[in-house]
Amino acid sequence: MPNTLEKVRAREPIASERSPLGFPVRMIEGEATLGSITDQIGDIPIQHPHKTFWLMGFVLSIMALGIFGIAVVYLLYRGIGIWGVNIPVAWGFAITNFVWWIGIGHAGTFISAILLLLNQKWRTSINRFTEAMTLFAVICAGMFPLLHLGRPWLFYWLLPYPDMMTLWPQFRSALVWDVFAVGTYFTVSLLFWYLGLLPDLATLRDKTSGARQKVYAFFALGWRGSAIHWERHQMAYLILAGLATPLVLSVHSVVSFDFSIALVPGWHSTIFPPYFVAGAIYSGFAMVLNLMLPIRKIYHLENLITQRHLNAMGCVLLATCWMVAYGYISEAFMAWYSGEVFERYVMFNRAFGPTYGWAFWVLVGINVIIPQAAWSRKVRITPVLLFFAALSANAGMWLERFVIVVQSLHRDFLPSSWGVFKPTIWDWLTLGGSLGLFFTLLFLFIRYLPMISITEVRELIAFKEESRL
Amino acid sequence: MTGVNRSHGIMAGFEDPEQLLNAARRAHTAGYRKMDAYSPFPIEGLAQALGHKQTGVAFLFLMGGIAGALGGYFMLWYSMAVDWPMNIGGRPLNSWPMYVPITFELTILCSSLLGFVGTLALCRFPEPYHPVFNVPEFSRASRDRFFLCIETSDPKFEASATLRFLEGLDPYYLEWVEQ
Chain F
278 MPNTLEKVRA REPIASERSP LGFPVRMIEG EATLGSITDQ IGDIPIQHPH KTFWLMGFVL
338 SIMALGIFGI AVVYLLYRGI GIWGVNIPVA WGFAITNFVW WIGIGHAGTF ISAILLLLNQ
398 KWRTSINRFT EAMTLFAVIC AGMFPLLHLG RPWLFYWLLP YPDMMTLWPQ FRSALVWDVF
458 AVGTYFTVSL LFWYLGLLPD LATLRDKTSG ARQKVYAFFA LGWRGSAIHW ERHQMAYLIL
518 AGLATPLVLS VHSVVSFDFS IALVPGWHST IFPPYFVAGA IYSGFAMVLN LMLPIRKIYH
578 LENLITQRHL NAMGCVLLAT CWMVAYGYIS EAFMAWYSGE VFERYVMFNR AFGPTYGWAF
638 WVLVGINVII PQAAWSRKVR ITPVLLFFAA LSANAGMWLE RFVIVVQSLH RDFLPSSWGV
698 FKPTIWDWLT LGGSLGLFFT LLFLFIRYLP MISITEVREL IAFKEESRL
Chain G
255 MTGVNRSHGI MAGFEDPEQL LNAARRAHTA GYRKMDAYSP FPIEGLAQAL GHKQTGVAFL
315 FLMGGIAGAL GGYFMLWYSM AVDWPMNIGG RPLNSWPMYV PITFELTILC SSLLGFVGTL
375 ALCRFPEPYH PVFNVPEFSR ASRDRFFLCI ETSDPKFEAS ATLRFLEGLD PYYLEWVEQ
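Those protein sequence lines, which keep their order, are chains F and G.
Sequential numbering from 278 applies to the first sequence in our numbering.
Sequential numbering from 255 applies to the second sequence in our numbering.
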């Protein structure tokens, strides 16, 4: 016998609704009941549908991870001389990749924390997945500064601990700030993700049996949906979101301090923190779209990740694209307006230099011009088009970090110390291999955990009347 | 049906969050205090309806934050200005602007850690066994049903009267909870 909620549901129209301005408004398409969405999302890790897709993806990722392993082992054996880094371009790909990966992570926290505080209900269908993406991206990001240390096995020298040399880390260094920022970011993201996952783990526990049930039960910690637990859970979740919000802004600000605290022309600029944060959210949303759109199609999640979500993500992509573009314009303007001969030179060289001039114009093309396609509503709600716009932005943001790191360093104050960075095969293998690490973790996540928050979608359904717009 | 002394309580199942909320309110008005409600998603006001006043969670986050801020700044000041002072161009040893980022990160870190661990501790997690799991229908509490359990330890609990009271709330399901 259908309960009252189900009766209400049965009267709802199925066709996609539009707002007066023609934007899609439905956050859940079609008919959904508490039970049906529990099965739809919960059965993906339990019944493991689309095995071929998963297996192919997972095997490819594992192979790329193997390449990463080989690249790292050879790096440990030979030292960072196997990369193209040199003096003056000491940072090369390692720091480019670090900034790129950590930027990707930022969209997850933006979606889960900032949009939660802003009461944007459309975050519900995507927050779990993007939080997982954050964790995996931060793991990839953390690899690069460690490998770049030269002697990665001494990484713990960066932490304050009572050592026999009676030394402290140099706490006035932006590079040490990075350790604290990234470490805190990973920890808080993990706690936030796990806290949100707890009720869903209990759901999986109640849906499975045998050994799998024991594993889910272990991680569910005995969650039973008690009202008093829910209240504490919701309060803790909200406060963690409130803490994660300034945290996510601080992390990429600190990353930008690695550059802007230094006196290198092209780096020493106050626009860097906001411009890096905007760029981080931009690249992160691009990555969310690149991952989400195929998964939405393959796992038939179109009723949960609706056109409304695509439209909203497309809009965020466009908005942050313009913030990044503003950063470029501001950099060029300030270089000219400062009257500094070195700043002017670096900016001119960035655009018209013989070695890296092409990179700047490709960057403008794929990072600023192509994503303008998101102005069109048709692009925003057509998965294939949106996918390519996002892919362009994703590559563009990597190139942006490359230009900032390499081009600024390669022409220093003294012409006698100029140099050129040329990536070696090991640079490329490490970058590609880190994608393998990322996708391996992601496929494991899809396989064993619910990729959409079942609890929060239930809430949406139960309170559908108020959460429609 | 089992005896009172071997039971954890009586559980009533509902099909609707509104029904559960009303049931909880009526049970509290009727004087029951030792009870709990179970739902597959958070229902606003349900804990208050059961007579639960404060969570204590926010206070833990605040304490963690204060400890992180003070401890973090103290570590920086002690290491850079006291234990290993380095004169860099005559700049002040207690150069506080350079200490802001790490102090900030440690504030967030300690606040989150204490808040998270404290929340779990307040809920008494991990708690792998609980009598309510003995009710077969209870697996739907993580799916699409809503439950209210009045416990035998409640001073007002009286087997037949409580059973009659719960029946009056129009549940779709009613069962004793084995200890």
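All C-beta atoms in this analysis are idealised placements derived from N, C-alpha and C, irrespective of residue type, glycine included.
Here F:W454 carries a helix assignment [DSSP, helix/strand/coil]. When DSSP assignments are scanned along the segment 372-438 of chain F, the uninterrupted stretches of alpha helix (DSSP H) that are 4 or more residues long and fall wholly within it turn out to be 404-425.
In the three-state reduction of the DSSP assignment, F:P365 falls in the coil class, being assigned neither a helical nor a strand state. Burial state of F:M420 is buried, judged by a 10 Å Cβ sphere holding 16 or more other Cβ atoms. Looking at F:V456, F:R405, F:A589, F:T732, the one whose alpha-carbon comes closest to that of F:Q397 is F:A589. For G:S261, the enclosing beta strand (DSSP E) stretches over residues 261-268. Note: F:V656 is not bridge-paired with any residue in the DSSP secondary-structure output. The residue from F:G307, F:I388, F:A609, F:R428 with its alpha-carbon nearest to that of F:H577 is F:G307. Under the DSSP assignment, F:F335 falls outside any beta strand (DSSP E), being part of the alpha helix (DSSP H) whose first and last residues are 328-355. Residue range 427-432 is occupied by the beta strand (DSSP E) that includes G:Y427. By the criterion of a C-beta distance shorter than 8 Å, F:V656 is surrounded in its chain by G591, A650, L662, L663, A666, once the five residues flanking it on both sides are discounted.
Around the CB of F:A488, fewer than 16 other CB atoms lie within 10 Å, so the residue is classed as exposed. Sorting F:P648, F:A518, F:D535, F:L475 by C-alpha distance to the C-alpha of F:H506 places F:L475 at the top. Chain F places a beta carbon closer than 8 Å to that of G:D290, counting this residue as a contact.
Inclusion of F:Y493 and F:R501 in the CB contact set at 8 Å is not warranted, their separation being larger than that value. Listed along chain F, the residues sitting closer than 7 Å to G:I356 by beta-carbon distance are F448, W454, F457. Here the alpha carbons of F:A497 and F:S402 stand approximately 21 Å from one another. The beta-carbon separation of G:A291 and G:F387, rounded to 16 Å, does not stay under the 8 Å limit for a contact. Listed along chain G, no residue sits closer than 7 Å to F:L392 by beta-carbon distance, the nearest being about 18 Å off. Look at the segment 275-324 of chain G and you find these whole runs of alpha helix (DSSP H), each 4 residues long or longer: 300-303.
By the Cβ rule, the segment 345-365 of chain G does not count as touching the segment 299-311 of chain G, because fewer than three pairs are nearer than 8 Å. Membership of G:F379 in any beta strand (DSSP E) is not indicated, and neither H nor E is assigned to it by DSSP. The beta carbon of F:V531 falls within 8 Å of a beta carbon belonging to chain G, placing the residue at that interface. Residues of chain G whose Cβ lies closer than 8 Å to the Cβ of F:L468 are, in chain order, S366, L367, F370. Taking the beta carbon of F:A488 as reference, no residue of chain G falls within 7 Å; the closest one sits roughly 15 Å away. For F:E620, no beta strand (DSSP E) run applies; the uninterrupted alpha helix (DSSP H) run containing it begins and ends at 618-629, by DSSP.
In the three-state reduction of the DSSP assignment, F:S503 falls in the strand class, which pools E and B.
Per the Cβ contact rule, the segment 323-341 of chain F is not in contact with the segment 405-419 of chain F (fewer than 3 Cβ pairs under 8 Å). Nearest neighbour of F:C417 by Cα position, chosen from F:F463, F:Q447, F:R400, F:R449, turns out to be F:F463. By the criterion of a C-beta distance shorter than 6 Å, F:N374 is surrounded in its chain by F421, L708, once the five residues flanking it on both sides are discounted. By DSSP's assignment, G:E405 forms a beta bridge with G:G263. In the DSSP annotation of this structure, G:D398 is not part of any alpha helix (DSSP H), being labelled neither H nor E.
It is roughly 59 Å from the alpha-carbon of F:A555 to the alpha-carbon of G:T416. By the neighbour-count criterion, in which 16 or more other beta carbons inside 10 Å mark a residue as buried, F:I305 falls on the buried side. Under the three-state reduction of DSSP output, F:R303 falls in the coil class, being neither helix nor strand. A contact between stretches requires three or more CB pairs, one per stretch, nearer than 8 Å, and the segment 320-327 of chain G fails this requirement with the segment 522-531 of chain F.
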